[in-house]
Ligand code: HEM
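Structure follows, in structure tokens:
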């Protein structure tokens with residue numbers, strides 16, 4: 069359910085439309101994405117031993133991953149892009165796909181790298197990078213609320229005092245909800261869902277301190293070494309939103325807060341993700357009290373896959389309104 073809701077946000081941005089929660093094609097595409105997320109851990113052995121791709125069968129599931137990607141492109145992304153090409157109207161640009169087509173046409177004949185295959189790859193990247201990440205952090209929020217009920221209560225009280233229950237939270241409410249903002253910030257630090265960042269390579273020989281990185285060598289920026297550094301945070305394995313509040317209860321940013329990485333290639337979805345996290349989590353806490361079922365407080369030990377996720381758990385949502 070969370071995954072479908074978040075994927076629909078990406079679909080609104082990319083294609084300008086949402087899908088019904090029972091739409092068979094959308095459900096099949098989401099199923100392909102979830103299977104790929106689950107298989108990514110075992111398939112990554114190909115990065116180290118590429119030769120295993122020639123083994124018979126598909127024990128590391130990489131053929132399954134490729135089939136799922138091919139299905140998603142053929143049945144979902146290509147038809148949507150073709151529809152956008154057919155109905156293209158320069159004066160009605162309402163989503164990423166039509167904006168891309170407009171730019172591509174403006175630069176035609178100038179040797180641009182913009183092309184339909186590049187658009188298809190970008191759309192796939194946005195769905196891939198934007199759905200599982202945000203959905204996983206929302207699952208972590210629930211797992212943490214069940215382990216730290218006082219944090220959930222404080223968020224609820226702040227929402228109740230500043231918004232009430234007659235309307236949904238909006239982005240304009242953030243300045244009045246510093247504890248909620250601190251909670252969501254601490255959530256991404258604590259959950260540390262992309263602990264090894266995304267692989268990069270140096271384009272030329274590069275010297276840093278006493279190290280030399282030869283051209284093309286792979287670099288993994290270990291975000292975990294900052295996000296869970298005891299010297300920086302004191303108690304990194306405690307979920308403590310207060311660390312992002314000053315003594316007057318105002319929200320404070322910290323340079324060491326880098327769950328979206330940093331530099332030129334930092335996550336391009338950070339502002340969208342922060343908006344989604346705020347609107348989903350504040351809206352959920354406003355309407356429901358989340359409690360664990362007896363004797364089943366969720367484990368906070370992550371499962372390692374394409375992102376660090378909480379183990380599956382049961383949660384009871386008691387309506388507040
Ligand atoms: C809470 C959720 C998210 C987290 C924690 C997260 C984290 C990250 C991290 C650590 C990177 C690697 C940056 C680097 O290479 O140094 C990244 C890259 C990226 N993210 Fe996110 N992300 C999130 C949500 C999103 C969303 C919602 C989108 C899309 C709308 C998105 C799109 C991307 C893309 C396209 C890249 C590659 C950027 C590039 O190589 O230039 N992410 N993200």
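In our numbering, the protein residues as written are 69 to 389.
Just so you know, even glycine gets a beta-carbon here, dropped at the ideal spot from N, CA and C.
Enclosing beta strand (DSSP E) for residue i [first to last residue]
| i | result |
| --- | --- |
| residue 279 | 279-281 |
| residue 356 | 356-359 |
| residue 385 | 384-387 |
Which residues DSSP lists as bridging residue i, in chain order
| i | result |
| --- | --- |
| residue 313 | 319 |
| residue 100 | Its beta-bridge partners do not exist; DSSP assigns none. |
| residue 376 | 372 |
Ligand 1 heavy atom lying under 8 angstroms from the CB of residue i
| i | result |
| --- | --- |
| residue 205 | yes |
| residue 261 | yes |
| residue 327 | yes |
| residue 57 | Within the shown structure, residues of the chain are numbered from 69 to 389, placing residue 57 beyond reach of any answer. |
| residue 344 | yes |
| residue 78 | yes |
| residue 194 | yes |
| residue 38 | Here the chain has residues from 69 to 389 only, and residue 38 is not among them. |
| residue 296 | no |
| residue 337 | yes |
| residue 333 | yes |
| residue 266 | yes |
| residue 198 | yes |
| residue 330 | yes |
| residue 73 | no |
| residue 92 | no |
| residue 202 | yes |
| residue 291 | yes |
| residue 191 | no |
| residue 285 | no |
| residue 81 | yes |
| residue 167 | no |
| residue 350 | no |
| residue 385 | no |
| residue 256 | yes |
Host alpha helix (DSSP H) of residue i (start-end)
| i | result |
| --- | --- |
| residue 213 | 184-215 |
| residue 168 | 164-174 |
| residue 72 | 70-83 |
Contact with chain B by residue i, beta-carbon distance below 9 angstroms
| i | result |
| --- | --- |
| residue 179 | Annotation note: the requested chain B is absent from the structure, which comprises a single protein chain. |
**OP:** At 3 residues or longer, and completely inside the segment 225-308: list those beta strand (DSSP E) runs for me, N to C.
**Re:** 274-276, 279-281
**OP:** Tell me the start and end of each unbroken alpha helix (DSSP H) in the segment 98-152 that is at least 4 residues and wholly inside, in chain order.
**Re:** Along the segment 98-152, the alpha helix (DSSP H) occurs as fully enclosed runs of 4 or more residues at 113-116, 130-139, listed in sequence order.
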